[in-house]
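Q: Heads up: the sequence shown at position 227 corresponds to 910 in my numbering, and the numbers run straight through without jumps. Where a beta carbon is used, it is the ideal one built from N, C-alpha and C, also for glycine. Next up is a structure, given as structure tokens.
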Amino acid sequence: MEILRATDYQVLSNMAAEIVAREVNSKPDCVLGLATGSTPIGLYKQLAQLHNTGKLSLSRIYGINLDEYVGLSAEHKLSYQHYMWYNFYNLIKADARHVNIPNGLAEDLKKECERYDAVIKSLGGIDLQILGIGANGHIGFNEPAEVFIKNTHVVQLHESTRKMNARFFDNMNQVPTSAITIGIGAIMRAKKILLLASGHDKSTALHKMLHSDITPQIPATILQLHSNVTIIADEESLG
Ligand code: F6R
684 MEILRATDYQ
694 VLSNMAAEIV
704 AREVNSKPDC
714 VLGLATGSTP
724 IGLYKQLAQL
734 HNTGKLSLSR
744 IYGINLDEYV
754 GLSAEHKLSY
764 QHYMWYNFYN
774 LIKADARHVN
784 IPNGLAEDLK
794 KECERYDAVI
804 KSLGGIDLQI
814 LGIGANGHIG
824 FNEPAEVFIK
834 NTHVVQLHES
844 TRKMNARFFD
854 NMNQVPTSAI
864 TIGIGAIMRA
874 KKILLLASGH
884 DKSTALHKML
894 HSDITPQIPA
904 TILQLHSNVT
914 IIADEESLG
């Protein structure tokens, strides 16, 4: 794993955008695995700026999002579907046919998970997977568990994750209790992984990811087995 130290969040976002831009320049129709949450917002903003000033063309990329809350419609302000259009896709006038996000309102969630895995497969897998990291070591919404789950699945969100994400909702009761997430299999099959970590809250998870034994209790430790991982972390998260 290569660890790049960023002095602050803006620098982290710019460094991440450079890596994504390099990928897109070498393969304009690449498949990007995309994360939501606070961490990649600066990256999306920077990418959109490069696109809109003619320095990069994102018009042919395919996006595969990591996850979506169960029970929130695409229009819900806190759904990841809404997040992606608001923070990225609207800014680059993306072609909706290139956008893939699990449907958290699907009647048959198991079928939706199978559909999503089939979409990832039909696109030939993920070229560059962008990840954040949860304070409990989750990647996507692969929460600490007894085993690593390979495929896209429905997951019960841990109380600590719900509490962390409650900052976006009016109150804790509104935070969904479950989500659809791509599995560890699709993440590990990504050709390259770019993990971003910002802020003191992430220092323990980051340290464990790098130094603990590989265990599904700290899902991010599996990345130790991937041959092409770049971590961009700011001073605070590196402790
Ligand atoms: C988001 C996701 C999560 C977040 C993680 C960190 O799609 O899958 O794993 O990356 O919870 O979230 P932030 O960036 O808000 O600290």
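1. Under a Cβ-count criterion, where at least 16 other Cβ atoms within 10 Å of its own Cβ denotes burial, should residue 920 be classed as buried or exposed?
2. If you reduce the DSSP assignment to three classes, tell me which class residue 685 lands in.
3. Pick out the complete beta strand (DSSP E) segments inside the stretch 778 to 818, 3 residues or longer, and give them in chain order.
4. Check each candidate in 730, 691, 845 and name the one with the smallest Cα separation from residue 707.
5. Rounding to the nearest angstrom, what Cα-Cα distance links residue 714 and residue 745 in this structure?
6. Got a sec, what are the start and stop residues for the beta strand (DSSP E) residue 862 sits in?
7. How many Å lie between residue 786 and residue 853 at the Cα?
8. For residue 838, name the three-state secondary structure that DSSP assigns.
9. Where DSSP assigns a beta bridge to residue 897, which residues make up the other side?
10. Are the stretch 838 to 846 and the stretch 872 to 879 touching, with three or more C-beta to C-beta distances below 8 Å?
11. Decide yes or no for the touch test of the stretch 855 to 872 against the stretch 888 to 898: beta carbon pairs closer than 8 Å, at least 3 of them.
12. Kindly indicate which three-state DSSP category residue 832 falls into: helix, strand or coil?
A: The structure says:
1. Your numbering for residue 920 matches position 237 in the sequence shown. Answer is buried; the Cβ neighbour count reaches 16.
2. Residue 685 sits at position 2 when you count from the first residue of the sequence shown. Three-state DSSP puts residue 685 in a strand.
3. 811 to 814
4. Counted from its first residue, the sequence shown places residue 707 at position 24. Comparing Cα-Cα distances from residue 707 to each of 730, 691, 845, the minimum goes to 730.
5. The residue labelled residue 714 in the question sits at position 31 within the sequence shown. The residue labelled residue 745 in the question sits at position 62 within the sequence shown. Residue 714 and residue 745: Cα-Cα distance of roughly 5 Å.
6. Along the sequence shown, one-based indexing puts residue 862 at 179. It spans 861 to 864 - the beta strand (DSSP E) in which residue 862 sits, taken as one unbroken run.
7. To locate residue 786, count along the sequence shown from 1; it is residue 103. To locate residue 853, count along the sequence shown from 1; it is residue 170. About 23 Å.
8. One-based indexing of the sequence shown puts residue 838 at position 155. The DSSP-derived three-state label of residue 838 is strand.
9. Mapped onto the sequence shown, residue 897 falls at position 214. According to DSSP, residue 897 bridges with nothing at all.
10. At 8 Å Cβ cutoff, the stretches do not touch.
11. Too few Cβ pairs lie closer than 8 Å, so no.
12. As a first step, residue 832 is located in the sequence shown; it is residue number 149 there, counting from the start. Three-state result, residue 832: coil.
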